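S.K.: For the protein sequence lines, the chains are D and W, in the order given.
The end of the first sequence is residue 478 by our numbering, with every number in the run present.
The end of the second sequence is residue 249 by our numbering, with every number in the run present.
Backbone N, C-alpha and C define an ideal beta-carbon position, used for all residues, glycine too.
On a predicted model such as this, the values are computed, not experimentally measured, just so you know.
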Amino acid sequence: MASSRRTLVLFLVLSFAHLLLMSVQVQARSGLPLIQAAAFRLFAAVQQSTSAVADAGQSFWSNYLALRGVAAENDALHKRVLELEGHMQAQAALLNQTHELERLLKLKESLVAPTLAARVIAGDAAPGALTVTIDRGSADGIETNMAVIGHAGVVGRVINSPTPHAAQVQLLISHNAGAGAITEQSGAVGPVRGGAGDPPLEMDYVDLLKDVKVGERVLTSGLDGIFPRGFLIGTVERAVKGSGVYSDLAVRPATNFSDIHVVLVILARPAKVEGGS
Amino acid sequence: MKLVRVILTVAVALTLQMTLARYAVAGRWVFDLVVVGVIYAALYWGPAAGMWTGTLGGLTQDALSGDVVGLGGFAKTVVGYGAGVLGAQFIVARPFARSGAVAVATLVHRMIVVGLLAVVDRDWPGFSWTAMLMETGLNTVAGLLAFQLTEMLPGALEQSRDRRRSSLSRRRW
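(1) Can you grab the Cα-Cα spacing for the pair G338 of chain D / A203 of chain D, in whole Å?
(2) Would a check of beta-carbon distances place M404 of chain D closer than 8 Å to chain W?
(3) Decide if H185 of chain W is buried, meaning its Cβ has at least 16 other Cβ atoms within 10 Å, or exposed.
(4) Going by DSSP, what residue range makes up the alpha helix (DSSP H) through Q248 of chain D?
(5) Please classify T332 of chain D: does DSSP put it in a helix, a strand, or coil?
(6) Shorter than 8 Å from the beta carbon of H219 of chain D to some beta carbon of chain W?
(7) Given this structure, state the Cα-to-Cα distance separating E475 of chain D from D425 of chain D, to the nearest angstrom.
(8) Three-state secondary structure (DSSP) at D405 of chain D?
(9) Determine, using beta carbons only, whether M127 of chain W and T153 of chain W come nearer to each other than 8 Å.
(10) Kindly indicate the opening and closing residues of the alpha helix (DSSP H) around T182 of chain W.
(11) How should L135 of chain W be labelled, buried or exposed, when 16 other C-beta atoms within 10 angstroms of its C-beta is the threshold for buried?
(12) My guess is that V464 of chain D and V359 of chain D are in contact by the Cβ rule of under 8 Å, so how many angstroms apart are they, rounded?
(13) Locate the alpha helix (DSSP H) running through N275 of chain D, then write down its first and last residues.
(14) I'd like to know whether the C-beta of A179 of chain W is nearer than 8 Å to at least one C-beta of chain D.
(15) Within its chain, find whatever has a CB closer than 8 Å to the CB of V189 of chain W; leave out the 5 residues flanking it on each side and keep chain order.
(16) Between D:L409, D:G396, D:I383, which lies nearest to S422 of chain D when the distance is taken from Cα to Cα?
(17) When you compare the CB positions of L222 of chain D and T316 of chain D, do they come within less than 8 Å of one another, or not?
(18) Measuring CB atoms only, is the stretch 449–465 of chain D touching the stretch 369–385 of chain D, in the sense that at least three cross pairs come out at less than 8 Å?
(19) Name the chain W residues that come within less than 8 Å of N361 of chain D, Cβ to Cβ?
(20) Listing by chain order, which chain D residues have their CB less than 7 Å from the CB of Y157 of chain W?
(21) If you measure beta-carbon to beta-carbon, which residues of the stretch 237–255 of chain D are closer than 7 Å to chain W?
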């Protein structure tokens, strides 16, 4: 009886402590960076080893047990490589032409930012947080706010302080993530932000006078100081009536966020954003 | 000893959660194995263990996900304590009944989290019944697996020990 009363008192004390902790953060509008950094550092180390075990299991399955149809897939991939090599040569030729024109017009030469490949080692600690942990950190030159892309398009950005060998990436579809965007053909600009809808991206404050077509590609505008200009975000799926002279666009992301194993971190230092974090 | 069990439960649940969530990032498969761990601790070791598992697991989860620290901690402490108290009042001994407790706890936990998010007025994450049902279903299956394994493990160990003993005695004879 005494033990259950003691547990009840402890429960009330703990509950009160939690509520107090929450109210402190809500008033200050910030988290508890020290606790968050310590928890992330601890679990990043654990996840490095567990992801190695998980990868070994997955590799055993895919390399030894699930080899049906590999020959056909190999043929298809050979053809795709040939096609992509052709595209790459065309792109290289275009890049040379651009540099030539930039030189002729005495413009500042556009630079291709260096990238670093990183493996995803962990998913969300809590459902709905929409972050992943990668196996590269400050020791590899990764800093907060660096842009992260995948083979199909934009993935997200580095958040919080990276540890020496791990960093946390906030996915673009997260409800408090966003990026400056521009539509490819109509040139409409506006911020793209994540949400809970389907499709999970929304482009806000798009000028009603711009003739945006369904299926048009949405690219990064470079105006946010995080994502360099020209990376693919997704395609316009439908226009939604916005407020006043603006319309909102529902954007289907190019990246399949359920299947991201390797990403590229753009190692360019992000521009300082006034008051931003 | 109970503290070690609590820490171990939280560590295993969180590690599994983060490892499996890696393959289901975009939210189509929603699950919270820490809730399963909390109910496991509450039903096997009582309300105090459930409460501490909830506090420790919830706070660590909050810190890792970058959300308001204490939000998940509070919700998990409440369901841990509640499941422990109710588990002691009513006999919840069978794995199926226990996984039913996981289902109820998952729903209550999600309701508390959504309610608290509305109160603190942080960016509304978008409440979805589908995600909630998915979470409840997957957590229940995970709970059933955990309880079934715990029930089967001592029996299987005993059987293998018996087999070894009988084969040794035959050899001696």
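M.R.: For this structure:
(1) 50 Å
(2) no
(3) buried
(4) 234–261
(5) strand
(6) yes
(7) Summary for E475 of chain D: the model assigns pLDDT 48, below 50, so the residue's position carries little reliability; its value from the coordinates is reported in the next sentence. Their Cα atoms are separated by approximately 11 Å.
(8) strand
(9) yes
(10) 171–196
(11) buried
(12) About 10 Å separates the two Cβ atoms, so there is no contact after all.
(13) 271–305
(14) no
(15) L147, G148, A151
(16) D:I383
(17) no
(18) yes
(19) G142
(20) F212
(21) Q237, A240, F241, F244, V247, Q248, T251, S252, A255
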